[in-house]
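Chains as they are written, first to last, in the numbering used here: chain A, 165 to 596; chain B, 25 to 361.
Every residue, glycine too, gets a C-beta built ideally from N, C-alpha and C.
Predicted model, so just to flag it, every value in this text is computed and none were measured.
Here's the structure we're looking at; comments come further down.
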Amino acid sequence: MNDATQFEPKILAYVCNWCTYLGADLAGTTRLEYPPNIRIVRLPCTGRIDFNLLVKAFEVGADAVLVSGCHPGDCHYTSGNYHARRRWILFRELLDLLGFDLERIHFTWISAAEGKKFQQVVTDITEKTRKLGPYTELYAAAPALAKDLPQPQSKPFQLQTFATENELRAEARKLLAEGTVKVVIGYGERGPVLVTRPEDADRLVWNNRSTANLAMYLKRKEVKALGRAAVVVKACDERSLMVLEKESQFERKDLHVIGMACDGMEQPRCANCAVRTPRFADTTVGQVPDQTPTPRPGKLDSLMEMSRGERMAFWVQEFDRCVKCYACRQVCSMCYCERCIVDKNQPISIDPAPGTKGNFAWHIARAFHLAGRCIGCGACAQACPVGIDLGLLNMQLARAAKKHFGYQAGVDPSAELLVGAFSQQDKEEFIG
Amino acid sequence: MSELITETKLRQLAGEWISGGRRVVGPVRIKDRVLYRPLQSPEPLLIESTPGGSVRPANSIKEFFFPKLETLYQYRTRGRNIELIEPAQEFAEQLIIAARPCDAAALPILDHVFNWDFADDFYNRRRAATTIVTVACSVADESCFCTSVGLAPDDARGSDAILLTLGSGRYEVQCITAKGRALFSGKTETSEESGKAAPAPERKFDPSRIRAFVDGHFEDALWAEHGRTCMACGVCAFSCPTCHCFDIVDAGAVAGNARVRTWDTCQFPIFTLHASGHNPRALQPARQRQRILHKFSIYPEKFGEILCTGCGNCVRNCPVGLGVLNMLTEIQHGQHL
């Protein structure tokens, strides 16, 4: 008999219909006993398990989560579990940054013949979770734990116009006059401008305020309606064009790219910039040689040095200011879904309210949808009216992509997209 | 004769409220931004704008009356029965200190809409429980346009008390309401000096001219010209002291157990999306037009006041350099009439 005061963990298991669910069934029919602490949710395939479900399990009170499916090679749909494995490798890194307890998230492969393994896994997880105790750390904002990151000193801004501005204007004027393009998406005095007449080409500027990634306009219906476009990009922005093209968001022949060689804009990301002259533009203005930056530890490193509890307290504090204006999404070149998951309300899959839970759900969804896609332009953090360091989430995923897969978004045009592809060699030391 | 308070005394006053367990809100620095936030202690409070720094906080004080998340009620379903639970809301006394006049002035304007066909209890009770102390602006920037909508850097509208700087950390206190007098009673010294605000920003447009234009130009090339670079985020509306549109959604655990009110904005494409899939404001220029129309024509027609205090937040915060001012100055100076 259990002591009445003993903690009984609640464990939620997301399992695939073809292997683990049948494994659980086999455990039952062969009368193998396992703890009753587990609740099973059956899904068609591990490849179909939305990452949000893992977070949601904790939100509704689970103390641990198990995700289990077919062994590699056994997937009923050929490769669902390979896709899932790649996503989990990345998703674990994001959860780690946010301060989730990875000891409470378990991944296993259990086949239909492994009733015994199912029994063992459930028993082990139950015992382990019992030792860990209830998951009270979730979204805990102990003020004593919330630390701030060191902030770089910002220098007073001084507007500086670059020498190639006139060359850019001449190029735009020519493209519009010839009829090569109907609109030039460029930088203007107050912000981005859409120039449609050759005589307006002088509205274009090229200065140290030209920091925006103008690839964001390629998704806008209002811009598509204007006809064939030329877009002004820096070498960093050009990487988003490469990802967008890979994702079939436009055909290269339908876009004219004006590449601006750039010697840096005093943005934090500029310190780590290697390629200074765009490589794939139709017209390149100026020439700046490549550099070899020395990577310096930054805010992300300071954050990862904090304890798990401190990291979560940090994010609770940051997200507390979020008003869900969705500027981070709107200015992102990669966020082009016709209808975003947070705008879907039949049924609601992400809590639309800007409370702790809804804000975590939103920022996790945003960051993870950009895994292996974000090129680090920093537009999200720059647009945030309440100063949330959103780039850190994306940066963590970019680091994970590099660390586990040697992948960098928008660098190698011949590379396969990271998420959406898989390899049988993807590591799985965390999968039981 | 005037009344005077020192910065030290003012911080002491805020400190007393905080240690008394009451909420005190004021501008604080958060990274490279200044925001109105509840204060844990009076030290980080930024009373005045620092030269070269931001002129005013990037958010507005409306969120302390009309919060971004308001639980209207909770519910529990038991079989076929639904049990409604009133939220255990406390509308405790709060003090907003060192607000800008363009924030305080928004509240009397918002009072109309929150008490029009339905008196909004949440808003009204917070209004009644709040004391607002403003500081007359000591600087203005190119995005400021309070004078164009009939206000001024030292306008006391909506304030319970207003402070005017005398330099070296001393302020002249002008108590406007009983709440303001109660707050400063016994805390001030008498003085012969009188404080002053920054020179008023020049008038940039005439609201009646704007209204005449928007009323007569529902279809105009200007809307497309300005509206198509808009990225459809909610920064302008959510940092605006007067924008007040909201949505009502279910939030909470999976079973759903709270009905909450959240901010919404006409800039979001789904704001006007019909269940049929039709969207009467299909593209962004129509949504930008709506924002101007509501502020300078619809609201004045209904309530006799412009729905704008000229704070300039929409201009400063816009990620793509828009905001109402640019469009309004173009209407003012353009060949559009």
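Where the alpha helix (DSSP H) containing B/P132 begins and where it ends: The residue you call residue 132 of chain B lines up with position 108 of the second sequence. Element bounds for B/P132: A130 to F138.
Pick from B/V157, B/S215, B/H136 and B/C269 that is closest to B/E402, judged by C-alpha positions: Nothing can be reported for residue 402 of chain B: it is not among the residues displayed for chain B, which extend from 25 to 361.
Chain-order list of residues whose beta-carbon lies under 6 angstroms from that of B/Y323 (same chain, five-residue window excluded): Start at 1 with the first residue of the second sequence, and residue 323 of chain B comes out as number 299. So the qualifying residues of the chain are L331.
CB contact below 8 angstroms: B/C126 versus chain A: Numbered from 1 along the second sequence, position 102 holds the residue referred to as residue 126 of chain B. By this cut-off, B/C126 is not an interface position.
A/K338 at chain B interface by Cβ criterion, 8 angstroms: Your numbering for residue 338 of chain A matches position 174 in the first sequence. No, no contact with chain B.
Short Cβ contact (8 angstroms threshold) for B/T154 with B/L207: As a position in the second sequence, residue 154 of chain B is number 130, starting the count at 1. As a position in the second sequence, residue 207 of chain B is number 183, starting the count at 1. It is not a contact, given that the beta carbons lie outside the stated cut-off.
When A/Q560, A/F414 and A/N377 are compared against A/S466, the one with the closest alpha-carbon: Translated into the one-based positions of the first sequence, residue 466 of chain A becomes position 302. It is A/Q560.
Meets three-Cβ-pair contact criterion under 8 angstroms: the region 575–589 of chain A and the region 285–304 of chain A: no
Against chain B: residues of the region 493–518 of chain A by CB proximity under 7 angstroms: Q494, V495, D507, I512, D515, P516, A517 and P518
Proximal chain B residues relative to A/C489, where beta-carbon distance stays under 7 angstroms: Here the question's residue 489 of chain A lines up with position 325 in the first sequence. Residues of chain B passing the Cβ test: C257, G258, V259 and F262.
Strand pairing of B/L96, partner residues [DSSP]: Residue numbering aside, residue 96 of chain B sits at position 72 when the second sequence is read from its first letter. B/L96 pairs with nothing; no bridge assigned.
Residue range of the unbroken beta strand (DSSP E) whose run includes A/I269: Here the question's residue 269 of chain A lines up with position 105 in the first sequence. It spans I269 to W273 - the beta strand (DSSP E) in which A/I269 sits, taken as one unbroken run.
Nearest neighbour of B/L352, chosen from B/P68, B/R80, B/R235 and B/V48 [CA to CA]: Along the second sequence, one-based indexing puts residue 352 of chain B at 328. Measuring from the Cα of B/L352, the nearest candidate turns out to be B/R235.
Every unbroken beta strand (DSSP E) inside the region 465–517 of chain A [3 residues or more]: Listed in chain order, there is nothing to give.
B/S73 versus B/F169 - alpha carbon distance: Translated into the one-based positions of the second sequence, residue 73 of chain B becomes position 49. Translated into the one-based positions of the second sequence, residue 169 of chain B becomes position 145. Roughly 17 angstroms separates the two Cα atoms.
Identity of the residue in B/G258, B/L96, B/D56 and B/L317 nearest A/K319 by Cα: Indexing the first sequence from 1 puts residue 319 of chain A at position 155. A/K319 has its Cα closest to that of B/D56, out of B/G258, B/L96, B/D56 and B/L317.
The ligand MN heavy atom lying under 7 angstroms from the CB of B/I272: As presented, the structure is devoid of all ligands, the ligand MN included, so that no description of it is given.
Under 9 angstroms (Cβ pairs) to chain D, residues found in the region 387–420 of chain A: The chain inventory of the structure shown lacks chain D, comprising the protein chains A and B.
Neighbouring residues, chain B, relative to A/Q315 (Cβ below 8 angstroms): The residue labelled residue 315 of chain A in the question sits at position 151 within the first sequence. A/Q315 reaches chain B at K55 and D56, counting residues in chain order whose Cβ is nearer than 8 angstroms.
Proximal chain B residues relative to A/R354, where beta-carbon distance stays under 7 angstroms: Position 190 of the first sequence holds residue 354 of chain A. Neighbours of A/R354 on chain B, chain order: G345 and N350.
Contact set between B/Q363 and chain A, taken where Cβ atoms lie within less than 9 angstroms: The structure shown does not extend to residue 363 of chain B, since chain B spans only 25 to 361, so no value can be given for it.
Contacts that A/M380 makes with chain B (C-beta to C-beta distance below 7 angstroms): Residue numbering aside, residue 380 of chain A sits at position 216 when the first sequence is read from its first letter. Going along chain B in sequence order, the residues near A/M380 (Cβ under 7 angstroms) are M255.
C-beta atoms of B/A122 and B/I42 nearer than 8 angstroms: Here the question's residue 122 of chain B lines up with position 98 in the second sequence. Here the question's residue 42 of chain B lines up with position 18 in the second sequence. Not closer than 8 angstroms, so no.
Proximity of A/R195 and A/A228 at Cβ, strictly below 8 angstroms: The residue labelled residue 195 of chain A in the question sits at position 31 within the first sequence. The residue labelled residue 228 of chain A in the question sits at position 64 within the first sequence. In this structure, A/A228 does not lie closer than 8 angstroms to A/R195 by Cβ.
Spatial distance of A/G279 from A/G551 (CA atoms): Taking the first sequence and counting its residues from 1, the one referred to as residue 279 of chain A is at position 115. Taking the first sequence and counting its residues from 1, the one referred to as residue 551 of chain A is at position 387. Their Cα atoms are separated by approximately 51 angstroms.
Neighbour flag for A/K174 against chain B, beta carbons, 8 angstroms: Numbered from 1 along the first sequence, position 10 holds the residue referred to as residue 174 of chain A. Judged by the 8 angstroms Cβ criterion, A/K174 is not in contact with chain B.
Opposing strand residues paired with B/Q363 [DSSP bridges]: Because residue 363 of chain B is not part of the residues shown, which for chain B are 25 to 361, the question remains open.
Backbone CA spacing between A/D214 and A/I505 [nearest angstrom]: Position 50 of the first sequence, counted from the start, is the residue given in the question as residue 214 of chain A. Position 341 of the first sequence, counted from the start, is the residue given in the question as residue 505 of chain A. Just so you know, the alpha carbons of A/D214 and A/I505 end up roughly 12 angstroms apart.
Nearest neighbour of A/K338, chosen from A/D364, A/K521, A/G352 and A/R354 [CA to CA]: As a first step, residue 338 of chain A must be located in the first sequence, where it is residue number 174. Selected option, being the one with the closest Cα: A/D364.
Of the residues A/K385, A/K410 and A/D418, the one placed nearest A/V395, counting alpha carbons only: Against the first sequence, residue 395 of chain A aligns to sequence position 231. Among A/K385, A/K410 and A/D418, the Cα nearest to that of A/V395 belongs to A/D418.
CB contact flag (A/V421, A/L408, <8 angstroms): Taking the first residue of the first sequence as position 1, residue 421 of chain A is located at position 257. Taking the first residue of the first sequence as position 1, residue 408 of chain A is located at position 244. Cβ atoms of A/V421 and A/L408: not closer than 8 angstroms.
Close Cβ partners of A/E223 (< 7 angstroms) along its chain, the five nearest in sequence each way excluded: As a working mapping, residue 223 of chain A is identified with position 59 in the first sequence. Taking C-beta separations shorter than 7 angstroms and ignoring five residues to either side along the sequence, the partners of A/E223 in its chain run K521, following chain order.
Interface flag, B/W287 vs chain A, CB-CB below 8 angstroms: For this step, residue 287 of chain B is matched to residue 263 along the second sequence. So yes, B/W287 belongs to the interface.
Cβ-based neighbour list, A/Y126, same chain, cut-off 7 angstroms, excluding 5 preceding and 5 following: The requested residue 126 of chain A does not occur in the structure, where chain A is confined to residues 165 to 596.
Neighbourhood of B/L37 by C-beta distance below 7 angstroms, restricted to the same chain and skipping five residues each side: Translated into positions along the second sequence, residue 37 of chain B becomes position 13. Counting only Cβ-Cβ distances below 7 angstroms, and skipping sequence neighbours, we find K211.
Closer than 8 angstroms to chain A by CB, B/L59: Here residue 59 of chain B refers to the residue found at position 35 of the second sequence. It does: the Cβ of B/L59 has a partner Cβ on chain A nearer than 8 angstroms.
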